[in-house]
Each structure stands twice: as C-alpha cells, then as structure tokens.
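In the working numbering, the protein residues as written are 97 to 227.
Note that beta-carbon positions come from the ideal geometry of N, C-alpha and C, so glycine has one too.
This one's a predicted model, so the numbers in the text were calculated from it and none came from an experiment.
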Amino acid sequence: MEIITAQEFRQKYVKLKEHDLQDTICDILIAKRFLVIRFNSGSFLLEDKSGKKRYYRSYFIKNIQPVSEQSSGISDVAFMRNGKIWFVEAKRPGQAERKSQLKFRKIAEEYGMTVFKISNLEELLEELKRI
Numbered sequence: 097m098e099i100i101t102a103q104e105f106r107q108k109y110v111k112l113k114e115h116d117l118q119d120t121i122c123d124i125l126i127a128k129r130f131l132v133i134r135f136n137s138g139s140f141l142l143e144d145k146s147g148k149k150r151y152y153r154s155y156f157i158k159n160i161q162p163v164s165e166q167s168s169g170i171s172d173v174a175f176m177r178n179g180k181i182w183f184v185e186a187k188r189p190g191q192a193e194r195k196s197q198l199k200f201r202k203i204a205e206e207y208g209m210t211v212f213k214i215s216n217l218e219e220l221l222e223e224l225k226r227i
C-alpha cells in the first residue's frame, strides 16, 4: 500500500472543475483581505439587425483587438490591495492558456501588472507569499 500526502491525494484524485477552482481562489483572496473581482467571460447569441446570429461578449478590453468571437482573453480574477492589481487565470492541471489569454497577459505585463496561471490552491498560496 502506497502512502501519499493529502496534497498528492488532491492533485491525483480530486478533479476540481475550473469554476470551482475560481470560486475557491476568490474565497482565499477575500480571506487574505484583497478586493476581488471575478470576471464571467461568457458570451451570448443574438441576432443582429440583418438577422444574422452573432456572439456578443459581456465585456471588452479596449486595448485588445478581439482574437475570437468568444472572449477577449481577460483573466478569471483580478485582486487588488494598496493600489496594486494582480490577475489570476485558473486552469485545470495541464491545460494551456488560450491565444487570447496570452495576448491579455502580454498587455497586462506591459502595463506593469502580474498575471498568474494557477492550477491548484498550493500554487496560489506560493504566489501570494511573493506579493
């Protein structure tokens, strides 16, 4: 019988859905006294004036030309304290950021902001130690 740590057990057997990870990230950040904004990046389907069905995003980033009809790439969560802002992109282990998310990361970093890609809660806690 193999003995593993609780952390190894969670990483190996407990598969959080991405939105559950986002919610838990928000809960941790709020508990650590950050102002937290969670972005819901869904789009919705409507007909335009000509009757053509189109996807519309629920937000826009004016600095970025949209890469796709679905999303302009903003990270899942923004958190702030003392005049500083950071962003978190929550991804399941092994999942890569989309092209639009990488483009947002590049723009945010050009403005001096930090974007974290987080796949588990331990990664978040490690990043928070550096802030």
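- Comparing alpha-carbon positions, the option among Arg226, Leu217, Leu224 lying closest to Ala102 turns out to be Leu217.
- Contact between Met176 and Phe105 does not hold, since their C-beta atoms are separated by about 33 Å, which reaches or exceeds 8 Å.
- Where Phe200 is concerned, the enclosing alpha helix (DSSP H) starts and stops at 195–206.
- Beta-bridge partners of Arg177 (DSSP): Lys180.
- Between the stretch 203–221 and the stretch 177–193, the count of Cβ pairs shorter than 8 Å is three or higher; the stretches touch.
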